[in-house]
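What follows is a set of notes on a single structure, which appears directly below.
Numbering (the numbering used here), first residue to last: 1 to 181.
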């Protein structure tokens, strides 16, 4: 630490309060003993400390601390109604800064729930929406076979039917080129 007068004067209050490390405190003590300006500043700060401590002690002696501490103990030990405790617990949630954050958080939460419903079909709230069924059709030597697999109820239905085209050719009726459903 450089021990010039400006540095020492800035550190005198902390030095008098014992807030400075031992090595720096020793340097300040040596400088104050040899410098009349810093020594005068030290005496002025010591007088201020004496006056302030005297005022604080006389004012503090007038304050009745025993009733104050009795009131503190009584408030700590008293049981508050359930509604009051709940309100004290929930009140910080209604601060404007927290409400401002609640809106985007709620939106993100709802989007996550809807995304989960859309991309995880097995996860539903008891609603049988979007029941997926797959139909495979196979030509089986004159018979057509259609297989319906439904994933939700794990049901498989197999249809065997004759080709409509063969019936149309036998009856002599012209067949439509466009598939009709």
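Backbone N, C-alpha and C fix where the C-beta goes; we use that ideal spot for every residue, glycine too. No experiment lies behind these values; they were computed from the predicted model shown.
By the DSSP assignment, the alpha helix (DSSP H) with residue 58 in it spans what residues?
Numbered from its first residue, the chain shown carries residue 58 at position 58. Looking at the DSSP string, the run of the alpha helix (DSSP H) that includes residue 58 is 36-62.
Can you give me the C-alpha to C-alpha distance between residue 115 and residue 103, rounded to a whole angstrom?
What you label residue 115 is simply residue 115 of the chain shown in a count that begins at 1. What you label residue 103 is simply residue 103 of the chain shown in a count that begins at 1. Their Cα atoms are separated by approximately 18 Å.
Using C-beta distances below 8 Å, list every residue in its chain close to residue 126, excluding the 5 sequence neighbours before and after it, in chain order.
For this step, residue 126 is matched to residue 126 along the chain shown. Note on residue 126: pLDDT 48, under 50, position unreliable in the model; the coordinate value appears next. Once the five neighbours on either side are set aside, residue 126 has no close Cβ partner at all.
Can you look up residue 7 in the DSSP assignment and give me helix, strand or coil?
Looking up residue 7 in the chain shown gives position 7. Residue state, collapsed to three classes: helix.
Rounded to a whole number of angstroms, what is the C-alpha to C-alpha distance between residue 64 and residue 70?
On the chain shown, residue 64 is found 64 positions in, with the first residue counted as 1. On the chain shown, residue 70 is found 70 positions in, with the first residue counted as 1. So the two alpha carbons sit approximately 11 Å from each other.
I'd like to know whether the C-beta atoms of residue 31 and residue 3 end up nearer to each other than 8 Å.
As a first step, residue 31 must be located in the chain shown, where it is residue number 31. As a first step, residue 3 must be located in the chain shown, where it is residue number 3. Yes, Cβ-Cβ distance for residue 31 and residue 3 is below 8 Å.
How do the segment 65-84 and the segment 39-55 stand: do at least 3 beta-carbon pairs fall below 8 Å, yes or no?
no
Does residue 28 pass the burial test, meaning 16 or more other C-beta atoms within 10 Å, or should it be called exposed?
Here residue 28 is taken as the residue at index 28 of the chain shown, counted from 1. Buried, since its Cβ has 16 or more Cβ neighbours within 10 Å.
Name the DSSP bridge partner or partners of residue 160?
Stepping through the chain shown from its first residue, residue 160 is reached at position 160. The partner list for residue 160 (beta bridge, DSSP) reads 145.
Can you look up residue 80 in the DSSP assignment and give me helix, strand or coil?
Position 80 of the chain shown holds residue 80. In this structure, residue 80 counts as coil in the three-state DSSP scheme.
Return the chain-ordered list of same chain residues with a C-beta closer than 7 Å to the C-beta of residue 9, the five sequence neighbours on each side being excluded.
Start at 1 with the first residue of the chain shown, and residue 9 comes out as number 9. These residues qualify, in order along the chain: 38 and 41.
Within a Cβ cutoff of 7 Å, which residues of the same chain sit near residue 15, ignoring the five residues on either side of it in sequence?
Position 15 of the chain shown holds residue 15. Cβ neighbours of residue 15 beyond the five flanking positions: 25 and 28.
Residue of 158, 56 and 79 minimising C-alpha distance to residue 144
The sequence position of residue 144 within the chain shown is 144, counting from 1. Nearest C-alpha to residue 144: 158.
Classify residue 77: buried if its beta carbon has 16 or more other beta carbons within 10 angstroms, exposed otherwise.
Translated into positions along the chain shown, residue 77 becomes position 77. Its Cβ having fewer than 16 others within 10 Å, residue 77 is exposed.
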